[in-house]
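Below is one structure, written out as structure tokens, with a few remarks after it.
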Amino acid sequence: MPAAIEGLFGFIGRKTFSILRNVHDASKLINDTFYWTFISPFKGKAVRVRATISEMVKAGYNSVPIVGVISFFVGIILALQAAYQLKKVGALIYVANLVGVSLTRELGPILTAIIVSGRSGSSYAAEIGSMKAAEEVNALVSMGINPIRFLVTPKLIALMVMLPALTIFSDFIGILGGLILSATALDMNPFSYMQQTVSSLLVKDVMTGLVKAWAFGVVITIVGAYQGFKVSGGAEEVGRRTTASVVASIFLVIVFDLFFTALFFYFT
Amino acid sequence: MEKAIEVTDLVTQYGDRVILNGISFSIPKGKTTVILGGSGCGKSTLLNHLIGLLKPTSGEILINGHDITAMTEDEFNEFRKKMGVLFQGSALLNSMTIADNVALPLREHTKLEEPTIQIICRMKLDLVSLSKFEHFYPSQLSGGMKKRAGIARAMALDPELLFFDEPSAGLDPVTAAGLDELIIKLRDVFKITIVVVTHELPSVFMIADYVIMLDLGEVIFAGPIDELKASAHPKVRRFLERQAEQETYSPEDYFRFIAGN
Ligand SMILES: Nc1ncnc2c1ncn2[C@@H]1O[C@H](COP(=O)(O)OP(=O)(O)O)[C@@H](O)[C@H]1O
Ligand SMILES: [Mg+2]
Chain A
103 MPAAIEGLFG FIGRKTFSIL RNVHDASKLI NDTFYWTFIS PFKGKAVRVR ATISEMVKAG
163 YNSVPIVGVI SFFVGIILAL QAAYQLKKVG ALIYVANLVG VSLTRELGPI LTAIIVSGRS
223 GSSYAAEIGS MKAAEEVNAL VSMGINPIRF LVTPKLIALM VMLPALTIFS DFIGILGGLI
283 LSATALDMNP FSYMQQTVSS LLVKDVMTGL VKAWAFGVVI TIVGAYQGFK VSGGAEEVGR
343 RTTASVVASI FLVIVFDLFF TALFFYFT
Chain B
1121 MEKAIEVTDL VTQYGDRVIL NGISFSIPKG KTTVILGGSG CGKSTLLNHL IGLLKPTSGE
1181 ILINGHDITA MTEDEFNEFR KKMGVLFQGS ALLNSMTIAD NVALPLREHT KLEEPTIQII
1241 CRMKLDLVSL SKFEHFYPSQ LSGGMKKRAG IARAMALDPE LLFFDEPSAG LDPVTAAGLD
1301 ELIIKLRDVF KITIVVVTHE LPSVFMIADY VIMLDLGEVI FAGPIDELKA SAHPKVRRFL
1361 ERQAEQETYS PEDYFRFIAG N
């Protein structure tokens, strides 16, 4: 069946080329983004400060309520689930250890990253995508303004700062949720709960969480921008790319989480 | 005739489909040149080459004697400050007011003080009769006003070259005529070299000094407007007399069409 085989090879070839082209486009975007964010400011091309602050407000300050509520609930859930097992062995005080460590090392960063993917990652893809569709990106280029410096750099700086900040906030509120549940439903002494949390947490736990959060910020920005710049058609494609950016950034956040967790497990 | 732009043997392909088939022409300085042709003949593609958004497959584009196809991005960015572009859909930044849109090139490329920038902005908006609308957002303006705001932005750095992509597309005849008058004023007052891409005959006869006509990726006419009117080329005549023509396909397209893919 030569035709079928030909079709198969053709399919593999086309897929390979399209993947290679995507990899090439993505690495060019990453390269350019890092150039315009970290190198060109030292060559006299200043970062757009006002736009950066406005992105920080949009991505960071405006997510505070949702991150707070979700972290609070997750803190309570974690405490309940931990108590379910620890009650049997009469070691309820270790609820504090479990809640503290799992929040700072894992759940704080990842919950924050998923919320920010949904809020900011999608809006980056939609904003850049609709600018692409309306020739606004071409207009920037024709005015000699680099679209990456103009659009992506402020977003990248905003998320590199705000994701760790939101993560710290999420850690605190989550631990507070665990504490309130333990003090009420589990009849624990809030002061000894606090003491137990502080003594069980290492600086390293918090720091690894923040390193992850920083990396997630980079991932979410790049994915949103990549999908946005890929738009070449009209509004319908903007919608498709926006959805794709959320799916891709949550996926990549988990992949990076696995990578960093394995790294920290063996090397710290 | 002093030449602002000289194009030699320009070829563009998308995949294996040839859009511009080795075209050569030149554009005179200080005049309004219209690039004319039916929809889909490659006018926007050609314009994108001239403003450096698209690299041609092969060929040379000289602007003021410098080959822009051989320039690095940095070199060309210097060049871009002398060029203004009005895109087909105006392409104003929707997140900014009209005034900020006009101020953008000034803020990015000059070290002028903010009050000076404000004054220049107001002058440019006055030029296109939009001074009362500086605090409006693009979404609050009509199509014709957006185009004029786009012209004000293109004029911000006092360019030597101004490009327009289908300026009167989608506008009513009265608004379109107003835009044509503005284009004439820009040429007469500022002595700018203007390149307009269009398929609208009434505006061609109003604004053009020089015409380049494209058809199926070839230049079929290049010369002053009077010669165009007198031209005996059958395709030119058909276009000027607005005769209906069987939808023409390039041979490859036609083959694809009948072969079903
Ligand atoms: N990015 C692209 N990829 C493939 N083909 C394209 C692309 N852009 C334009 N074309 C094709 O090139 C031809 C010329 O397009 P264009 O320059 O936009 O025409 P015009 O502006 O004269 O209406 C059209 O047939 C169009 O289908
Ligand atoms: Mg066009």
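Chains A and B supply the protein sequences, listed in that same order. The first sequence runs contiguously to residue 370 in the numbering used here. The second sequence runs contiguously to residue 1381 in the numbering used here. Beta carbons: idealized from backbone N, C-alpha and C, even for Gly. Because the structure is a prediction, the values reported are computed rather than measured.
Check                                                                                                                          : Outcome
Own chain, CB closer than 8 Å to LEU1206/B, minus 5 neighbours either side, in chain order                                     : LYS1267, GLY1270, ILE1271, ALA1274, LEU1282, PHE1283, PHE1284, ASP1285 and PRO1287
Exposed unless 16 or more other CB atoms sit within 10 angstroms - verdict on ASP1373/B                                        : exposed
Proximity test, SER1164/B beta-carbon vs ligand 4 heavy atom, cut-off 6 Å                                                      : As far as ligands go, the structure on display features ligand 1 and ligand 2 and does not contain ligand 4.
Closer than 8 Å at the beta carbon, the chain A residues around PRO1235/B                                                      : Neighbours of PRO1235/B on chain A: none; closest Cβ ~18 Å, over 8 Å.
Proximity below 7 Å, CB of ILE97/A to CB of ASP359/A                                                                           : The structure shown does not extend to residue 97/A, since chain A is modelled only from 103 to 370, so the question has no answer here.
Cβ contact (3+ pairs, closer than 8 Å) linking the segment 339-358 of chain A and the segment 1141-1159 of chain B             : no
ALA1297/B - partner residues in DSSP beta bridges                                                                              : Beta-bridge pairing links ALA1297/B to no other residue.
Interface flag, ILE277/A vs chain B, CB-CB below 7 Å                                                                           : no
Short-range partners of chain A found in the segment 1211-1223 of chain B, where Cβ spacing is below 9 Å                       : ALA1211, LEU1212, LEU1213, ASN1214 and SER1215
Beta-carbon contacts of GLY279/A that lie in its chain and below 6 Å, excluding the five residues immediately before and after : PHE174, GLY177 and ILE178
Cβ-Cβ separation, ALA317/A to PHE362/A (assumed contact under 8 Å), whole Å                                                    : 7 Å
Sub-7 Å separation of THR1177/B and VAL1131/B beta-carbons                                                                     : yes
Residue from GLY1337/B, LYS1201/B and SER1210/B with nearest C-alpha to TYR1134/B                                              : GLY1337/B
Integer Cβ distance of LEU1247/B from ILE1218/B, believed to fall under 8 Å                                                    : So it is not a contact: roughly 13 Å between Cβ atoms.
Any chain A beta carbon closer than 7 Å to LYS1175/B                                                                           : no
Distance, LEU1224/B Cα to ALA1342/B Cα                                                                                         : 36 Å
Terminal residues of the beta strand (DSSP E) in which LYS1123/B lies                                                          : 1123-1134
Of the listed residues VAL1127/B, GLY1290/B and ALA1350/B, nearest to GLY1185/B (C-alpha basis)                                : VAL1127/B
Beta-carbon separation (whole angstroms), ILE1125/B vs LEU1170/B, contact threshold 8 Å                                        : 7 Å
contact_flag[the segment 281-296 of chain A, the segment 154-168 of chain A] where n(CB pairs < 8 Å) is 3 or more              : no
Outcome for LEU1291/B when other beta-carbon atoms lying within 10 angstroms are tallied against a minimum of 16               : buried
Completely contained alpha helix (DSSP H) runs for the segment 1160-1240 of chain B, where each covers 4 or more residues      : 1163-1170, 1193-1200 and 1218-1229
heavy atom of ligand 1 below 6 Å from ILE356/A C-beta                                                                          : no
Cross-chain neighbours of GLY330/A in chain B, by beta carbon under 7 Å                                                        : Residues of chain B passing the Cβ test: none, with the nearest at roughly 14 Å.
Among GLY1142/B, SER1259/B and LYS1151/B, the one whose alpha carbon lies nearest that of LEU1166/B                            : GLY1142/B
Any chain B beta carbon closer than 7 Å to GLU237/A                                                                            : yes
Per-residue contacts from VAL1205/B into chain E (C-beta, under 9 Å)                                                           : Looking for chain E here will not work: the only protein chains present are A and B.
Residue ranges of each beta strand (DSSP E) within the segment 270-297 of chain A, 3 or longer                                 : none
CB of THR269/A within 7 Å of CB of GLY210/A, strictly                                                                          : yes
Minimum Cβ-Cβ distance from ILE1239/B to chain A less than 7 Å                                                                 : no
Status (buried if at least 16 other CB within 10 Å, exposed otherwise) for ILE301/A                                            : Per the sequence shown, the amino acid found at residue 301/A is Ser instead of Ile. When all chains shown are included, SER301/A counts as exposed.
Near ligand 1: TYR1374/B beta-carbon under 6 Å from a heavy atom                                                               : no
Integer-rounded CB distance, given that SER1323/B should sit under 8 Å from ALA1296/B                                          : 6 Å
CB contact flag (THR255/A, VAL149/A, <7 Å)                                                                                     : yes
Residue-chain proximity (PRO1279/B, chain A), Cβ-Cβ < 7 Å                                                                      : no
For ASN1141/B, the three-state DSSP class (helix, strand or coil)                                                              : strand
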